[in-house]
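Engineer: Residue numbers (full-length UniProt numbering), protein chains in the order written: chain A, 1 to 202; chain B, 1 to 202.
Backbone N, C-alpha and C fix where the C-beta goes; we use that ideal spot for every residue, glycine too.
Below is the structure I would like to discuss, written out as structure tokens.
Protein chains: 2
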Amino acid sequence: MAWDTAATQQKILTAAVAEFAEHGPDGTTVERIARAAGVNKERVYNYFGDKRALFAVVLREELASVARDVPISAASPGDIGEYAGRVYDYHRAHPQFSRLLRWEGLVFDAIVPDEAQRREHYRDKVEAVTAGQRSGAISSAHSPDQLVFLIFAIAGWWSAVPQVARMISGPVNEQEHARRRDTVVRAASELATPQPAVTTPR
Amino acid sequence: MAWDTAATQQKILTAAVAEFAEHGPDGTTVERIARAAGVNKERVYNYFGDKRALFAVVLREELASVARDVPISAASPGDIGEYAGRVYDYHRAHPQFSRLLRWEGLVFDAIVPDEAQRREHYRDKVEAVTAGQRSGAISSAHSPDQLVFLIFAIAGWWSAVPQVARMISGPVNEQEHARRRDTVVRAASELATPQPAVTTPR
DNA sequence: CCCCTCACCAACGTTAACGTTGGAATTAAC
DNA sequence: GTTAATTCCAACGTTAACGTTGGTGAGGGG
Chain A
1 MAWDTAATQQ KILTAAVAEF AEHGPDGTTV ERIARAAGVN KERVYNYFGD
51 KRALFAVVLR EELASVARDV PISAASPGDI GEYAGRVYDY HRAHPQFSRL
101 LRWEGLVFDA IVPDEAQRRE HYRDKVEAVT AGQRSGAISS AHSPDQLVFL
151 IFAIAGWWSA VPQVARMISG PVNEQEHARR RDTVVRAASE LATPQPAVTT
201 PR
Chain B
1 MAWDTAATQQ KILTAAVAEF AEHGPDGTTV ERIARAAGVN KERVYNYFGD
51 KRALFAVVLR EELASVARDV PISAASPGDI GEYAGRVYDY HRAHPQFSRL
101 LRWEGLVFDA IVPDEAQRRE HYRDKVEAVT AGQRSGAISS AHSPDQLVFL
151 IFAIAGWWSA VPQVARMISG PVNEQEHARR RDTVVRAASE LATPQPAVTT
201 PR
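Put into structure tokens, the structure is as follows:
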């Protein structure tokens with residue numbers, strides 16, 4: 001049988017994503033990754049360097065995915081709402097992504113692997129919103145970058161602190177998921193809808 | 001000098017909070033906690049059992065604090081906005097709380113230490129919003145539990161994924177914090193403001 | 001057909017954290 | 001004032017993960 005080093009590397013990477021997402025950088029052991037991938041531990045060190053380096057690769061591979069897989073359209077508040085809904089769906093369908101994102105936030109406070117490229121992806125979203133605001137279809141009550149971030153917050157917080165969501169809203173079944181998604185869509189849409197000035201009485 | 005076991009336990013707990021918040025359950029070592037507290041490692045085991053038990057105690061102690069320290073008022077949308085702002089402030093002023101909350105979300109998917117009491121705290125918030133909705137001052141577009149959760153999301157996501165916030169909005173200084181807080185306050189207020197129906201064109 | 005390179009793995013040394021134990025110092029009880 | 005109980009710590013055994021090394025066998029170039 002011929003060597004297939006690319007396949008070996010891929011198996012390691014897939015196993016690493018699962019392990020790191022589940023246990024985090026400190027809870028993960030290289031031995032478990034190797035066993036899950038069906039290869040020897042030494043292969044991991046040879047291909048990816050030490051554990052931290054592998055973690056960085058895993059983050060880079062996985063965290064660019066939402067930007068690729070969930071395109072934005074910002075021609076109307078309804079578009080923003082649907083975008084938020086899709087981001088919510090993505091978090092739900094890819095718990096590994098969601099967990100890695102949060103581990104990154106906890107471990108890499110300062111430096112993020114591949115920050116330049118990630119920034120690009122986010123810039124796309126912000127620019128789409130900027131265009132929507134310029135056309136008047138989207139509310140300008142918030143600056144575009146912060147509106148984008150609010151959408152992420154609304155869509156992502158559920159999976160970030162599932163325990164809090166459960167304590168507030170009760171056990172999570174299919175129906176509850178639908179309810180949450182609906183809330184996300186409508187809330188994002190609200191925030192994107194141009195308003196005749198919100199007055200804050202004092 | 002007399003024994004002061006309460007003080008010893010408190011020193012351990014304080015050190016444990018800092019260590020667990022910084023490094024998480026797996027990254028923390030009991031030895032470091034003991035050293036930081038200025039006591040012997042054995043004291044930790046004697047008073048708190050093993051590492052996981054101590055982690056549970058730390059979570060219980062720290063995570064009830066927001067509910068205690070940040071009361072809600074929901075007599076008007078402006079109240080909701082200000083509440084969201086205070087929650088934002090709390091996250092910023094107590095990064096340990098924020099980090100522990102997220103670690104809890106990652107590690108205790110199912111069971112949460114002291115869940116019953118935590119649920120009580122959240123219930124208070126939900127009930128305040130319910131009352132506000134009943135009086136008509138607060139929008140009923142979202143069910144009260146989900147509105148509360150949206151507020152938490154808007155206020156908390158910034159510190160949960162600081163790397164994303166930075167990549168979207170640039171470096172964080174005092175001015176940027178003020179901008180974020182303002183966004184949080186206004187967004188929460190918007191979501192709480194009764195609307196004459198949001199139309200979603202298709 | 002020979003040899004050199006490289007993927008692969010079993011086994012190893014080393015470090016570090018966990019959790020425990022035996023004993024010294026201190027307080028309280030009688 | 002002697003004894004029992006308790007706080008505290010230094011030192012220990014044990015486990016487990018990290019990262020490495022020496023060796024084996026497959027592939028390919030001359």
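Compare the beta carbon distance of A:Val126 and A:Val148 with 7 Å and say whether it is the shorter of the two.
Structural biologist: yes
Engineer: Use the C-beta contact count for A:Ser159: other C-beta atoms within 10 angstroms, 16 or more gives buried, fewer gives exposed.
Structural biologist: Under this definition A:Ser159 is a buried residue.
Engineer: For a contact meaning CB atoms closer than 9 Å, what does A:Gln96 contact in chain B?
Structural biologist: Those do not exist, as A:Gln96 stays about 12 Å from chain B at its closest Cβ, beyond 9 Å.
Engineer: Are the stretch 130-141 of chain B and the stretch 83-92 of chain B in contact at 8 Å, needing three or more beta carbon pairs?
Structural biologist: no
Engineer: So what does DSSP say about A:Ala16, is it helix, strand or coil?
Structural biologist: Helix, per DSSP.
Engineer: When burial is assigned at 16 or more other CB atoms within 10 Å of the CB, is B:Ile12 buried or exposed?
Structural biologist: buried
Engineer: Tell me which same chain residues have a C-beta within less than 6 Å of the C-beta of A:Ala37, skipping the five on either side of it?
Structural biologist: Lys11, Ile12 and Ala15
Engineer: Between which residues of its own chain and B:Trp103 is the CB-CB distance below 6 Å, once the five residues before and five after are set aside?
Structural biologist: Taken in chain order, the residues that qualify are Gly24.
Engineer: Using beta carbons (cut-off 7 Å, strictly below), is A:Ala188 in contact with chain B?
Structural biologist: Not one chain B Cβ lies under 7 Å of A:Ala188.
Engineer: Using a Cβ-Cβ cut-off of 7 Å (strictly less than) and excluding sequence neighbours within five positions of B:Val70, which residues of its own chain qualify?
Structural biologist: Hits under 7 Å: Arg86, Val87 and Tyr90.
Engineer: Taking 7 Å as the limit between beta carbons, can you name the residues of its chain near B:Lys41, skipping five residues before and five after?
Structural biologist: Val30, Glu31 and Ala34
Engineer: Check this for me: beta carbons of B:Asp145 and A:Ile168, under 7 Å apart or not?
Structural biologist: yes
Engineer: Should B:Glu190 be labelled buried (16 or more other beta-carbon atoms within 10 Å of its own) or exposed?
Structural biologist: buried
Engineer: Among A:Trp157, A:Glu22, A:Gln117 and A:Leu106, whose alpha-carbon lies nearest the alpha-carbon of A:Arg68?
Structural biologist: A:Gln117
Engineer: Could you check the C-alpha separation between B:Arg179 and B:Gly27 for me, to the nearest Å?
Structural biologist: 34 Å
Engineer: Does B:Asn46 come out as helix, strand or coil in the three-state DSSP assignment?
Structural biologist: helix
Engineer: What residues in the stretch 97-110 of chain B have a beta carbon less than 9 Å from any beta carbon of chain A?
Structural biologist: Arg99, Leu101, Arg102, Trp103, Glu104, Gly105, Leu106, Val107, Phe108, Asp109 and Ala110
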